[in-house]
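Peer 1:
Chains as they are written, first to last, in my numbering: chain A, 102 to 394; chain B, 140 to 636; chain C, 46 to 320.
1) Establish whether the CB of residue 67/C and some CB of chain A are separated by less than 9 Å.
2) How many angstroms separate the CA atom of residue 291/C from the CA atom of residue 219/A?
3) How would you label residue 356/A, buried or exposed, when you count the other beta carbons within 10 angstroms and need 16 or more for buried?
4) Establish whether the CB of residue 197/C and some CB of chain A are separated by less than 9 Å.
5) For residue 257/B, write down the residues that DSSP places opposite it in a beta bridge.
6) Near residue 241/C, which residues of its chain fall below 7 Å by C-beta distance, leaving aside the five closest residues on each side in sequence?
7) How should residue 278/B be labelled, buried or exposed, when 16 other C-beta atoms within 10 angstroms of its C-beta is the threshold for buried?
8) Can you list, in chain order, the residues of its chain whose CB lies under 6 Å from that of residue 551/B, leaving out five sequence neighbours each side?
9) Between the stretch 121-136 of chain A and chain C, which residues of the former have a C-beta closer than 7 Å to a C-beta of the latter?
10) Along the beta strand (DSSP E) that carries residue 432/B, what are the first and last residues, could you check?
11) Using the rule of at least 16 other Cβ atoms within 10 Å of the residue's Cβ for burial, across every protein chain shown, is residue 165/B buried or exposed?
12) Counting along the chain, where does the beta strand (DSSP E) carrying residue 325/B start and finish?
13) Any beta-carbon of chain C closer than 9 Å to the one on residue 178/B?
14) According to DSSP, which residues form a beta bridge with residue 251/B?
15) Hey, is the stretch 214-226 of chain B in contact with the stretch 481-500 of chain B, meaning 3+ C-beta pairs nearer than 8 Å?
16) Report the rounded CA-to-CA distance for residue 139/C versus residue 258/C, giving the unit in angstroms.
17) Check whether the stretch 515-529 of chain B touches the stretch 372-379 of chain B, counting contact only when three or more Cβ pairs, one atom from each stretch, lie closer than 8 Å.
18) What's the gap between the Cα of residue 182/B and the Cα of residue 521/B?
19) Just to check my reading of the structure: residue 346/A and residue 166/A have Cβ atoms closer than 8 Å, yes? What is that Cβ distance to the nearest angstrom?
20) Quick check: what's the CA-CA separation for residue 69/C versus residue 226/A?
21) Determine whether the Cβ of residue 360/A lies closer than 9 Å to any Cβ atom of chain B.
22) Where does residue 271/B fall in DSSP's three states?
23) Rounded to a whole number of angstroms, what is the C-alpha to C-alpha distance between residue 233/A and residue 479/B?
24) Terminal residues of the continuous alpha helix (DSSP H) containing residue 227/B?
25) Does any residue of chain A have a CB that is nearer than 9 Å to the CB of residue 231/B?
26) In chain B, which residues lie with their C-beta within 7 Å of the C-beta of residue 79/C?
27) Roughly how many whole angstroms lie between the Cα atoms of residue 281/C and residue 439/B?
28) Counting only Cβ-Cβ distances shorter than 8 Å, please list the residues of the stretch 138-166 of chain A near chain B, keeping chain order.
29) Among 404/B, 396/B, 271/B, whose alpha-carbon lies nearest the alpha-carbon of residue 634/B?
30) Span of the beta strand (DSSP E) holding residue 457/B?
31) Ignore the nearest five residues each way along the sequence and tell me which others in residue 260/A's own chain have a CB closer than 8 Å to its CB.
32) Rounded to the nearest angstrom, how far is the Cβ of residue 128/A from that of residue 158/C, given a contact under 8 Å?
33) Could you tell me whether the Cβ atoms of residue 587/B and residue 148/A are closer together than 9 Å?
34) Classify residue 323/A as helix, strand or coil using the three-state DSSP reduction.
35) Going by C-alpha distance, which of 384/A, 306/A, 386/A is nearest residue 88/A?
36) Put residue 182/C into one of helix, strand or coil per three-state DSSP.
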């Protein structure tokens, strides 16, 4: 009996994932498989690829640009995770604790509305704000911190941070909604129980809200890890990796190598190595932040 | 792969207008002139159908390409052709491409490239995959049935352009008919405001003009200094006496990428010759008066903004290509626009100068009349019997001095380069540059990355982030890497030169 | 109902953050009536001259494409969410061999940059022979949205109380019934969120539509490309016009979101993510 039930269970499982996999195999796995094969060739995207074995991977070791871009990427990921978790969680808590439900609804809506803003607008806005005589420097003058003025995008030492920190106040609508839903799923019994034990205000946040939001935290961290490494638009559009190589990141390197220079084989080799690295990091992440439902 | 990981991700890829002015390149293995008097090629052996063509800036009756005023000449030429060849239609691709390189790669891989397409020679030679464009050399060496008085087609074309734009293995992938000129454009009103009576005619006047503007509280110049452009002014001047030697390395006129690479290997165009970077401090004395924002930026990223700043009257001088006057007209600028050429240098400016007039050194055959023919691998429809001959015949018809002049001058921002063509009225001032012998020298043809990497070092130096010694070391490293790449990709032995 | 008061400081804080958050919207609105020159000369300031023609030009360009984009995206996202929910349910609540490996495989797709697989993907789409129809885009979009959506939904389905499912199984409910009567209704908020993210991502996609669709079926992003200087024109970037176009194009999005947000709220009020 158990065997039959197992088979039934397996079939049901496969049945549920079938539609997804039909699409994935045709449009995703097959192209990925082809592109991955390219990692061991000198494919230029058009002519027949010639097998060159591990040459691409060997090349990666002497690629100084890649080295610099990995360092930049580490900084980028670390900062991005901080910015993706703290501000949205903070705002989620604030909204959650509003007494007025209407106010909750309004604030939630207005914080999510900016999702319709296309990325190019944010980039235009911030490119403008970061100019030497732009709003940011002007603001510093007005506040009396004129000595802190910089060439935000022109100074190789700070350009990277300027791009990462673009988008103040860093309240991603999606992250906000995720954290908010997480908070909502904290049952009222737990809240009551906590109150009885004298845990209110920030203490409650620390001991109840954050631990119980662990699944959301883990989700956002992983998504941010992946998203920040895939996010090619800011470094491409704002500085194209410059000044020097200070804002060069691996995804940009892959883009230049493959789409601009036509060396898809090498680009794919880099992608493959990064893929393995990120997968390991993600598994690590999943293990570190255990979720207790 | 995910289209939706991050709401902020905008998969649209933008590139600035940045015209790709690659360094002179092109090598040739010296094909001899074909025998004159061969019979004109039989036109389409009965093939009928539609020829698709992407004409870039010359696209007629365009609705989808921004900034393209309505032009009709190319359509008229096409109509003439259609009338003489019933059964053949010419269809122009009315599209704008945010990332043309990527589009070409994808379309060619799928076998659906346009029949005739715009492609700059540097990209056809270096960037695009090999095998997407037909080698037109054999047609150059034969007569063009529509040009009666020339024995071969290439006699109607500009010989220097052909030899400069040849690929390292001696192929010519496009017909190349126009030239883009460059100059310093300036805001006459702002000059007046700063008390500068006339345009600078010498380097020292240029520097003092920028200082005067700065003193008057006006931004003198604000843009990303394009290494590729400015190196050509200075190097063509400093090395003018060695031009012939360098050009002769590959046994053909003009400086090809082989010539450049040999020159680098031999220590000429190389930091061991102090002239190679001797102009950097000189140039820095100019850029020290610029707005520092864009000095270390990528020209492709910021040129659009910098140009708009100039047109908005915020900066006084802007170095740009000959399309700027049209832009200014379209934008209805509020000031009077003037221009002046890159000045001739004097020994007082720098001991390295030879006094050559190199104002035309940057302009190049890198404009819009650059058309290639897709191969059957890149375009499945070219397998049709007789189609290739038909497309070449259309190219013959299009590639006559009369048509080149007509089409190029209607757009009015580029200069036709073929002998027997005259520039448009609006371009005569800048066109003088084109009539100077194209004796431009520079590096960049040895590897697709060389220019970009030089640009980075250049920007860091000019913005004061690295000093001259470090810049020199970095530059040498880049040069060495570039010629190594050239050597391995093209199987060249530099010691035989 | 929460009973403890949030000090007024919290509200002020929210307001301040909100203002900064909508700064880009202000930026869009005040720039939408500027000519290229005015945009360049005074980007952050209130416009001195109002070039209302920006809106009429923008409307002409995008009125038809908005329909195209909406249609493509509506179908795509609906399918994405349904299929992803099914898979997420299976991965989180069912047992079948190799399920962890399969899930990792799906998750791994998030790590592949799109431009590297563009050419093989394009060839795959061509193989189906669907050039220049909405389906040429819809099908790859459905595939592309799976990985992210499955990942997010699985996290939430895992969090649902086990008792719910046990109770239903004891009652003899089959998986399909459980899925449609318990999982889906309870996860409306998260499904809405996932849908919203997919919608915004696809709405802004330029590359694939530009390669696959002709002008007659063009999407909003294709229509807007002429506002920016790029290969093929030596003209000026008209950012003012672009802002006007984006504002117009965001109206259907905003309408859609206000509908969805109501769903969001109802989903919470009606049901019990908390029991």
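Note that the Cβ used here is the ideal one computed from N, Cα and C, for glycine as well. All values derive from a computational prediction rather than experimental measurement.
Peer 2: On the basis of the coordinates in this document:
1) In the third chain, residue 67/C corresponds to position 22, counting from 1. With 9 Å as the cut-off, residue 67/C counts as an interface residue toward chain A.
2) In the third chain, residue 291/C corresponds to position 246, counting from 1. In the first chain, residue 219/A corresponds to position 118, counting from 1. One C-alpha to the other measures close to 8 Å.
3) Taking the first chain and counting its residues from 1, one reaches residue 356/A at position 255. Result: buried.
4) Counted from its first residue, the third chain places residue 197/C at position 152. Output row for residue 197/C: interface = yes.
5) Numbered from its first residue, the second chain carries residue 257/B at position 118. Residue 257/B pairs with 510/B.
6) The residue given as residue 241/C occupies position 196 in the third chain. Closer than 7 Å at the Cβ level, and outside the excluded window around residue 241/C, lie 302, 305.
7) The residue labelled residue 278/B in the question sits at position 139 within the second chain. Per the 10 Å Cβ criterion, buried.
8) Position 412 of the second chain holds residue 551/B. Taken in chain order, the residues that qualify are 563, 565.
9) 121, 124, 125, 127, 128, 129, 131, 132, 133, 135, 136
10) Translated into positions along the second chain, residue 432/B becomes position 293. Unbroken run through residue 432/B: none, as it is neither H nor E.
11) Position 26 of the second chain holds residue 165/B. At residue 165/B the pLDDT is 31, less than 50, meaning the model places this residue with poor confidence and gives no usable figure here.
12) Mapped onto the second chain, residue 325/B falls at position 186. Looking at the DSSP string, the run of the beta strand (DSSP E) that includes residue 325/B is 321-326.
13) By 1-based counting over the second chain, the position of residue 178/B is 39. Its pLDDT being 38, under 50, residue 178/B is placed unreliably in this model, and the coordinates cannot settle the point.
14) Here residue 251/B is taken as the residue at index 112 of the second chain, counted from 1. Looking at the DSSP assignment, residue 251/B forms a beta bridge with 518/B.
15) no
16) One-based indexing of the third chain puts residue 139/C at position 94. One-based indexing of the third chain puts residue 258/C at position 213. Their Cα atoms are separated by approximately 40 Å.
17) no
18) Sequence index remark: in the second chain, residue 182/B carries index 43 (1-based). Sequence index remark: in the second chain, residue 521/B carries index 382 (1-based). Because residue 182/B carries a pLDDT of 48, less than 50, the predicted location of this residue cannot be relied on, and no value is offered for it.
19) Within the first chain, the letter at position 245 stands for residue 346/A. Within the first chain, the letter at position 65 stands for residue 166/A. Indeed, because the Cβ distance is near 6 Å, the residues count as touching under 8 Å.
20) Locating residue 69/C in the third chain gives position 24, where the first residue counts as 1. Locating residue 226/A in the first chain gives position 125, where the first residue counts as 1. Going from the Cα of residue 69/C to the Cα of residue 226/A covers about 7 Å.
21) Reading the first chain from its first residue, position 259 is the one you call residue 360/A. Judged by the 9 Å Cβ criterion, residue 360/A is in contact with chain B.
22) In the second chain, counting from the first residue as 1, residue 271/B sits at position 132. It is coil, neither helix nor strand.
23) As a position in the first chain, residue 233/A is number 132, starting the count at 1. As a position in the second chain, residue 479/B is number 340, starting the count at 1. Taking the straight line from one Cα to the other gives about 28 Å.
24) Position 88 of the second chain, counted from the start, is the residue given in the question as residue 227/B. From DSSP, residue 227/B is part of no alpha helix (DSSP H) but of the beta strand (DSSP E) over 227-231.
25) The residue given as residue 231/B occupies position 92 in the second chain. No, its Cβ sits nowhere closer than 9 Å to a Cβ of chain A.
26) Here residue 79/C refers to the residue found at position 34 of the third chain. Within chain B, no residue comes near residue 79/C; the closest Cβ sits about 11 Å away, beyond 7 Å.
27) Position 236 of the third chain, counted from the first residue, corresponds to residue 281/C. Position 300 of the second chain, counted from the first residue, corresponds to residue 439/B. The alpha-carbon atoms of residue 281/C and residue 439/B are separated by roughly 14 Å.
28) 145, 146, 147, 148
29) On the second chain, position 495 is the one that residue 634/B refers to. Of the candidates 404/B, 396/B, 271/B, the one whose C-alpha sits nearest the C-alpha of residue 634/B is 404/B.
30) Counting from 1 along the second chain, the entry for residue 457/B is found at position 318. First-last of the beta strand (DSSP E) with residue 457/B: 454-460.
31) Residue mapping note: residue 260/A aligns to position 159 of the first chain, counting from 1. Cβ within range, chain order: 253, 254, 340, 343, 344, 347, 348.
32) If you number the first chain from 1, residue 128/A lands on position 27. If you number the third chain from 1, residue 158/C lands on position 113. Contact doesn't hold; Cβ gap of about 16 Å is too wide.
33) Taking the first residue of the second chain as 1, we reach residue 587/B at position 448. Taking the first residue of the first chain as 1, we reach residue 148/A at position 47. No, the pair does not count as a contact, with Cβ atoms beyond the cut-off.
34) Walking along the first chain from the start, residue 323/A turns up at place 222. DSSP places residue 323/A in helix when its eight states are reduced to three.
35) One cannot answer for residue 88/A here, as it falls past the ends of chain A, which runs 102 to 394.
36) As a position in the third chain, residue 182/C is number 137, starting the count at 1. In this structure, residue 182/C counts as helix in the three-state DSSP scheme.
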